Amino acid sequence: MTVVLASVVLPVVLAVGIALAGNRGIRVAQVLAVAGPGGALAAGMSLLASERASSAVAWRSAWLSQGGASLPLGFAGDALAAVMLVIVGVVAACVVVFSWGYMAHESGRPRYFAVLMLFVAAMSALVLADNLVTLFIGWELVGACSYLLIGFWYRKPEATRAAIKAFMTTRVGDVAMLLGMAVLWRAAQTLSLDGIVAALPKMPQATVTAAALLLFVGAAGKSAQFPLHIWLPDAMEGPTPVSALIHAATMVASGVFLVARAWPVFEASGVARATMLAVGVLTALYAALVALAQTDIKKMLAYSTISQLGFMFAALGAGAWGAAMFHLATHAAFKALLFLAAGSVIHGSGTQDMDEMGGLARAMPVTAAAWTAGALALSGWWPFAGFFSKDAVIAAVAAASPGASWILVFTSAVTALYVWSATFRVFLGASRSDHAAHESGRSMLAPLAVLALLSAVAGWAGPAFTERLGAPEEHAALATIAAAVAAVAAGTALAYALYRRAPERGASLPGGLQSAARSGFGVDAAVHALVVRPAVAFAQWVARVADEKVVDRAVEGSAALTGRVGGMLARLQTGEADVYASLVAVGFVLLTAVVVWMGGR
Amino acid sequence: MIALGLSCAVFALGLYGVLSRRDLIGVLVSVELMLGAGGILLAAAGAASGATSGAVQSIALMVLLLAAAEAAVGLSLLLALHRRSGRTRVDELSEVSG
């Protein structure tokens with residue numbers, strides 16, 4: 012109960028308070044806002060510390076009852092939830108502190124911090140849920156917060172468009188997830204996770220596979236897996252700290268969390284696991300190649316996030332949900348770090364375009380150091396966090412499918428290439444802008460330091476982490492580790508060589524591939540042509556035919572009919588009382604006649 | 007039976023009056039006749055049914071009472087109308103037409 016109070020109720024109270032305090036109280040409110048993530052962090056820590064907190068029920072209540080069935084609301088804390096709470100708490104606290112400086116000149120700060128608090132509450136509810144209904148409520152709430160924060164600058168048409176795109180695309184996944192829940196409900200008569208697991212052995216294989224695949228589509232929508240990834244690069248229209256928290260560290264990882272949470276369902280379905288492996292590997296490679304061609308620093312990080320989420324899904328597909336969760340945790344630290352460092356760079360240099368940066372290490376040494384720590388972790392250099400978690404993923408995939416693991420090794424090389432190429436372009440060489448860059452303030456650098464420290468050391472926690480989760484552990488073969496390290500070294504070396512040859516251009520793909528990759532190999536355009544345009548055409552047809560010709564005509568027709576009948580009846584009302592009296596008399600006679608006639612029978 | 011005939015006759019007279027009279031006072035009196043016819047029938051039916059409690063009779067008395075009240079209201083409306091416009095003929099009044 013205290014866990015729920017601290018991680019869900021407290022942030023909600025803060026959200027309401029911050030919203031009510033408004034612009035006048037925002038200087039105090041934004042400091043108090045740290046308590047929201049702090050509550051989540053404390054709740055997670057206490058859960059982790061408590062003696063083997065496996066499914067300790069915190070709170071449960073019936074919510075919707077219909078006949079004999081009822082949908083409960085319930086929270087339960089286990090190690091998996093605790094780990095997620097800690098991640099959410101740490102990253103959200105860093106983001107709140109970072110936002111003091113980053114958002115200092117914005118007018119909508121009460122809205123910003125209030126929605127941020129709501130997000131923390133929703134995310135905590137999502138991870139603490141002990142049944143799919145509660146999880147889904149949190150799932151939708153984080154989506155709504157994501158929508159609100161992507162569209163934070165709502166006067167900018169691109170931002171509102173990106174917000175709607177994110178909302179609609181994830182909705183596709185959410186519908187599939189609801190269907191998956193319906194399948195499970197039909198088969199198990201319950202949506203509590205324990206109940207579903209208990210009912211699994213009695214379910215037919217086809218049902219389990221259908222449920223697992225549908226849940227996976229939901230997870231893929233939230234976690235931006237191919238081809239539902241198209242919303243995430245656009246979501247970069249939101250403020251950068253939001254990108255760090257929601258679109259890199261926590262919300263987009265909740266798809267991975269969902270699969271880990273409902274793991275027995277996926278374990279029982281080989282088809283679903285094979286699908287996850289294929290989609291994960293494809294997404295990882297595809298997004299890494301696209302990231303290579305980006306010039307916008309945030310877009311590059313967005314594609315990098317998609318790629319890393321692909322790694323996690325590949326691990327899930329290989330059956331190693333512990334490795335996936337481990338990579339989720341380290342990725343949360345180093346990708347949030349990279350995003351916040353990018354935010355600091357954007358703040359200091361006044362641009363998001365890497366073509367206009369260069370030589371920033373001189374003006375922004377702390378930011379440069381923090382970014383470098385993030386880049387080391389992302390590319391997977393020993394002893395940074397990414398080395399351990401990425402190798403755990405690759406080792407797990409190698410055990411399940413050697414071919415797929417080679418694709419992931421190649422993807423790590425591409426990852427190293429794009430992140431180092433960006434690092435060299437942004438921080439080394441000559442400045443390509445006439446804007447004098449400046450280092451960010453202390454409140455923005457402190458979160459960078461915290462996250463950089465975590466990115467550097469979190470990897471060592473790997474074995475303890477998997478053991479605490481109770482997940483099966485994979486031991487990497489030496490050959491796999493060697494191949495991965497060689498790939499990272501090759502990617503980094505290639506990035507440096509390319510930088511030396513053309514410092515301002517950075518890495519790029521040959522010829523026509525470059526422009527194709529920049530637009531994501533046309534996936535966005537294809538989705539637009541195949542899904543969006545037909546949907547809009549259908550909607551217009553509905554508006555033109557079904558709405559105007561059927562609904563409108565029915566409504567307007569009945570109104571006109573009523574009016575006409577009323578007009579006819581109004582003519583009877585002459586206002587002359589003697590006429591009324593005569594009509595009453597006639598009516599009386601007629602009624603009497605009827606009664607007498609009927610009574611005679 | 008006699009009472010039934012009497013009641014019908016009085017009712018018919020009242021109805022005829024309502025339909026044929028052109029002055030409002032006449033119409034009002036005719037309406038009172040119709041109501042009285044109902045009262046007669048009620049009292050007669052009560053007597054014929056052999057009820058001894060007097061409940062029906064008291065209802066008939068109640069109807070008389072209401073008729074008096076109704077006549078008072080009707081007459082005061084009529085008076086107000088007369089003060090306002092000086093008209094008391096039914097066919098002159100059609101302001102409330104739809």
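So the protein sequences, as listed, match chains A and B. In terms of the numbering used here, the first sequence opens at residue 12 and continues consecutively. In terms of the numbering used here, the second sequence opens at residue 7 and continues consecutively. For each residue, glycine too, the CB sits at the ideal point set by N, CA and C. Everything numeric in this text was worked out from a predicted model, so none of it was measured.
- Per DSSP, the beta-bridge partners of A:Ser-203 are A:Asn-142.
- Contact between A:Gly-473 and A:Ser-400 holds: their C-beta atoms lie close to 7 angstroms from each other, under 8 angstroms.
- With respect to chain B, the C-beta atom of A:Ala-592 has a partner C-beta closer than 8 angstroms.
- With respect to chain A, the C-beta atom of B:Val-24 has a partner C-beta closer than 8 angstroms.
- Between A:Gly-85 and A:Leu-59, the alpha-carbon positions lie close to 19 angstroms from each other.
- Looking at the backbone, the Cα of A:Glu-248 and that of A:Val-183 are separated by about 21 angstroms.
- In this model, B:Met-7 and A:Arg-575 are separated by some 50 angstroms (Cα to Cα).
- Counted as a single uninterrupted DSSP element, the stretch harbouring B:Phe-17 is not any beta strand (DSSP E) but the alpha helix (DSSP H) occupying residues 8-26.
- The criterion of a C-beta distance shorter than 8 angstroms is satisfied by A:Leu-348 and A:Ser-466.
- In this structure A:Phe-337 touches A:Ala-403 by the C-beta definition: roughly 6 angstroms separates them, less than 8 angstroms.
- Shortest Cα-Cα distance from B:Ser-64 to any of B:Leu-21, B:Glu-76, B:Ala-50 and B:Leu-30 involves B:Ala-50.
- Annotation: the continuous alpha helix (DSSP H) that includes A:Leu-505 extends over 489-512.
- The beta-bridge partner set that DSSP reports for A:Leu-75 consists of A:Leu-82.
- Residue pairing by DSSP puts B:Arg-95 in a beta bridge opposite B:Asp-29.
- Neighbours of B:Leu-21 in chain A, taken as residues whose beta carbon is under 7 angstroms from its own, are Ala-596 in chain order.
- The contact set of A:Ala-177 on chain B, defined by CB atoms closer than 7 angstroms, is empty, because the minimum CB distance reaches about 58 angstroms.
- At a cut-off of 8 angstroms between C-beta atoms, B:Val-96 counts as an interface residue with respect to chain A.
- One thing to note: A:Val-276 has its Cβ no nearer than 8 angstroms to the Cβ of A:Ile-357.
- Look at the segment 567-594 of chain A: the residues with a C-beta under 7 angstroms from a C-beta of chain B are Ala-581, Gln-584, Thr-585, Gly-586, Glu-587, Ala-588, Asp-589, Ala-592 and Ser-593.
- Burial state of A:His-240 is buried, judged by a 10 Å Cβ sphere holding 16 or more other Cβ atoms.
- For A:Asp-364, the secondary structure class from DSSP, reduced to helix, strand or coil, is strand.
- Taking C-beta atoms under 8 angstroms as the contact rule, A:Met-455 and A:Thr-261 fail to qualify, at a distance of about 20 angstroms.
- Under the DSSP assignment, A:Pro-244 falls in the alpha helix (DSSP H) whose first and last residues are 242-245.
- Of the candidates A:Ala-457, A:Gly-88 and A:Ser-81, the residue whose Cα lies closest to the Cα of A:Ala-352 is A:Ala-457.
- Distance from A:Thr-434 to A:Ala-388 at the Cβ level is roughly 12 angstroms; contact not present, criterion being Cβ atoms closer than 8 angstroms.
- Secondary structure note for A:Arg-564: its alpha helix (DSSP H) is the uninterrupted segment 564-581.
- Taken in chain order, the whole alpha helix (DSSP H) runs of length 4 or more contained in the segment 385-465 of chain A are 396-411 and 413-438.
- Shown here for A:Ala-174: same chain residues with a beta carbon closer than 6 angstroms to its own, the five before and five after excluded, namely Tyr-158, Ile-161 and Gly-162 in chain order.
- CA-to-CA, the gap between B:Ser-82 and A:Glu-567 works out to about 47 angstroms.
- If you draw a straight line from the Cα of A:Arg-166 to the Cα of A:Val-420, it comes to about 43 angstroms.
- Checking the DSSP bridge columns, you'll see A:Asp-307 partnered with A:Asp-364.
- Excluding residues up to 5 positions away in sequence, Ala-230 lie with their Cβ nearer than 6 angstroms to the Cβ of A:Leu-269 in the same chain.
- Closest option to A:Ala-335, judged by alpha-carbon separation, among A:Arg-272, A:Ser-593 and A:Ala-304: A:Arg-272.
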